[in-house]
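Every number in the working numbering is 82 more than the matching position in the sequence shown, counting from 1.
Just so you know, even glycine gets a beta-carbon here, dropped at the ideal spot from N, CA and C.
See below for the structure under consideration.
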Amino acid sequence: MTAGAQARFLELWGEVVDIGAAMAVLQWDQETQMPSKGQRSRGKQLATLAGLRHAKLTHPNLGEALNAAAEDAGDEGDSMAQVREARRLVDRASKVPPKLAKALAEAESRGLASWQQSRAESDFSLFRDSLTELVSLQKERASCLAGKGSPYDALLDVHEPGTTESQLVPIFEQLKKGLGVLLDSVHNSGVAPCEDAVRGHFPKEKQLAFSREVITAMGYDIDAGRIDLATHPFCTGFSNRDVRITWRFQENDLRPALFGLMHEAGHALYEQGLSDADQRTPLGTAVGLGMHESQSRLWENLVGRSREFWEWALPIFHRNFPDKKDVGVDEIWPALHLAQPGFIRVEADEATYDLHVLLRFEVERQLFAGGVEVDELSDLWDATSEELLGVRPPNPAMGVLQDIHWAMGAYGYFPTYTLGNLVASQLWDAASQELDISSQVAAGEFCYLREWLRAKVHCHGSRFSTAELVENATGAPLSPAPFLARVTNMTEMAYGVEEKG
83 MTAGAQARFL ELWGEVVDIG AAMAVLQWDQ ETQMPSKGQR SRGKQLATLA
133 GLRHAKLTHP NLGEALNAAA EDAGDEGDSM AQVREARRLV DRASKVPPKL
183 AKALAEAESR GLASWQQSRA ESDFSLFRDS LTELVSLQKE RASCLAGKGS
233 PYDALLDVHE PGTTESQLVP IFEQLKKGLG VLLDSVHNSG VAPCEDAVRG
283 HFPKEKQLAF SREVITAMGY DIDAGRIDLA THPFCTGFSN RDVRITWRFQ
333 ENDLRPALFG LMHEAGHALY EQGLSDADQR TPLGTAVGLG MHESQSRLWE
383 NLVGRSREFW EWALPIFHRN FPDKKDVGVD EIWPALHLAQ PGFIRVEADE
433 ATYDLHVLLR FEVERQLFAG GVEVDELSDL WDATSEELLG VRPPNPAMGV
483 LQDIHWAMGA YGYFPTYTLG NLVASQLWDA ASQELDISSQ VAAGEFCYLR
533 EWLRAKVHCH GSRFSTAELV ENATGAPLSP APFLARVTNM TEMAYGVEEK
583 G
């Protein structure tokens, strides 16, 4: 690629990135700082920026610069990857009319506000009209993106490029079967691990202090980020030097805050690990949300729920919670590997988490296939929860209203959580072949694992697909087998099934 063609292309692309970052700042503010009366103007502001970003992406100037860059790029290397990723995003934007892009941004802003109120009051009717509008607009968008293809596939592709419904169905079938066997096994054991070690009184300030020390040790750079309370935990980044995370807490249970912050810090490590040289270019983003979720789930579950982690963390735990000074690793560890179907996805144990994802996948499939109307979603949710998890939510806040995703327009997002679980286990197994992870984690030396992930995943940005990154890092294509083997082993150990069998 000639220097002139590349410079012009990247100059225009940087403007697209900057507008997206400005939108993300406003969205972060809306969820953490904005006064409630600012909602109407915030929706207009986001719609204006969405229109500007869409106009930049579809402007002939960018198209011409992209074509010139493509002529000089060749068939391999960073130049080709820059063009490929830019072309994918430009083509997607070109399929969506500007009026629809602005309408979506404004509807999502309104939807977020109505969802927050609806969830707080556990009243689905308060969100129904906004959700009806959002679903209608998303169906229109999906049709634009899909052409003659599947609308739901088009939305899945937005969040994890190349993913299709037909690919996901057999993965979920295998997980449903394997996890079902595991749940039957532990249920028949008659054992109920004690949760007293992680339940009790955990003051908010001490939970934050403990969790902050943990994620700082993981490598989260607080000088390039911040931590705030939010209704739903999330991570957002405006560059690799400004990556913010949020949390929520329960004073009677340590797990939601600790594992929520470890999860979001895992996302943040990915964002902070992106190359400086790739910032404001098409390669300066994570490859997809499946890989992104693998980073958060790896730190939350494979590190945070391990015995070795708690050998290191126990003195910090005792310092912050002196009432628990007599609690040891042997009491904490089983309480982190439960197999108890519940209502809330983000608080689910590993043995049931992917059944929560499957629930959402099944509901979304029906929604975009025209098999269910918005008015019927709450009932469908409850029935599917009972079928897959054996529990029926007692109210909408613990059922259909629990997630922020539909309010923010993230349809087709949920399957990336399961893909992330599978990728995390496979990466962990590969890293274990090269690192002495057990002793390193027990010593609080998280830098070795972090730098391994940085070299295998983070630094590449969008150069490679998730499938390519997985195979390059692990030597094998993605498979549910490592995840199922690990979760089965950990859970059966916690329930003493192996000892009995």
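Item, Value
"Of the residues V552, L219 and W463, the one placed nearest G491, counting alpha carbons only", "L219"
"Straight-line gap, A150 to E97 (C-alpha atoms, nearest Å)", "18 Å"
"Chain-order list of residues whose beta-carbon lies under 8 Å from that of L148 (same chain, five-residue window excluded)", "F91, V165, A168, R169 and V172"
"Sequence-distant residues of the same chain with beta carbon closer than 7 Å to L470, five excluded per side", "L437, L440 and L441"
"C-alpha distance - L131 paired with S321, whole-angstrom precision", "18 Å"
"Local Cβ density within 10 Å of G583, reported as buried at 16 or more and exposed below that", "In this prediction, G583 scores a pLDDT of 43, lower than 50, which makes its location untrustworthy; the coordinate-derived value is nonetheless stated afterwards. G583 is exposed by the Cβ-count criterion."
"Which listed residue (E444, S388, F425 and I398) has its alpha carbon closest to that of A417", "S388"
"Any chain B beta carbon closer than 9 Å to G244", "The structure shown contains no chain B; it is built from a single protein chain."
"Beta carbon of V369 nearer than 9 Å to that of L227", "no"
"Classification of G502 by the beta-carbon crowding that lies within 10 angstroms, buried from 16 upward", "buried"
"Alpha-carbon to alpha-carbon, R401 and K407", "8 Å"
"I486 in three-state terms, based on DSSP", "coil"
"Coarse secondary structure for M83, derived from DSSP in three states", "Residue placement at M83 is flagged as unreliable, the pLDDT there being 48, under the threshold of 50; the coordinate-derived value follows with that caveat. Correct three-state label for M83: coil."
"Identity of the residue in V579, G472, L509 and N554 nearest P562 by Cα", "L509"
"S561, enclosing alpha helix (DSSP H) - first and last residue", "First-last for S561: undefined, no H or E at that position."
"R85 to L139 span [Cα, whole Å]", "First, the amino acid is wrong: residue 85 is Ala here, not Arg. If you take the alpha carbons of A85 and L139, they lie about 21 Å apart."
"Nearest-angstrom Cβ-Cβ length linking L31 and F565, presumed shorter than 8 Å", "Residue 31 cannot be examined here, being either before or after the span of the chain that is shown, 83 to 583."
"Contact under 9 Å by Cβ, V296 with A395", "yes"
"Nearest neighbour of S293, chosen from F331, E222, G319 and K259 [CA to CA]", "F331"
"Nearest neighbour of G452, chosen from P233, D412, E190 and A137 [CA to CA]", "P233"
"Three-way DSSP call (helix, strand, coil) for D412 in this model", "helix"
"Selection from F316, W95 and V99 that minimises the alpha carbon distance to N143", "W95"
"Cβ neighbours of L462 in the same chain (closer than 8 Å, five flanking residues each side left out)", "V445, Q448 and V454"
"Best match in L535, T500 and T498 for proximity to S514 [C-alpha to C-alpha]", "L535"
"Runs of alpha helix (DSSP H) wholly within the segment 421-484 (minimum 4 residues, chain order)", "432-451 and 459-471"
"With 16 other Cβ atoms within 10 Å as the buried cut-off, status of D358", "exposed"
"V482 to K288 span [Cα, whole Å]", "32 Å"
"Three-state class that DSSP yields for F403 in the structure shown", "coil"
"Touch test, the segment 334-343 against the segment 361-380, Cβ-Cβ under 8 Å, three pairs minimum", "no"
"Nearest-angstrom Cβ-Cβ length linking A506 and L380, presumed shorter than 8 Å", "4 Å"
"Separation of D100 from T500, as counted between CA atoms", "31 Å"
"Cβ-based burial, L311 [other Cβ within 10 Å; buried from 16]", "exposed"
"Per-residue DSSP class, three states only, for Q115", "coil"
"Extent of the continuous beta strand (DSSP E) to which S321 belongs", "C317 to S321"
"Beta strand (DSSP E) segment containing I297, residue limits", "Per DSSP, I297 belongs to no beta strand (DSSP E); it is in the alpha helix (DSSP H), K286 to M300."
"Range of the contiguous beta strand (DSSP E) that encloses D157", "Note, D157: premise wrong, no beta strand (DSSP E); not H, not E."
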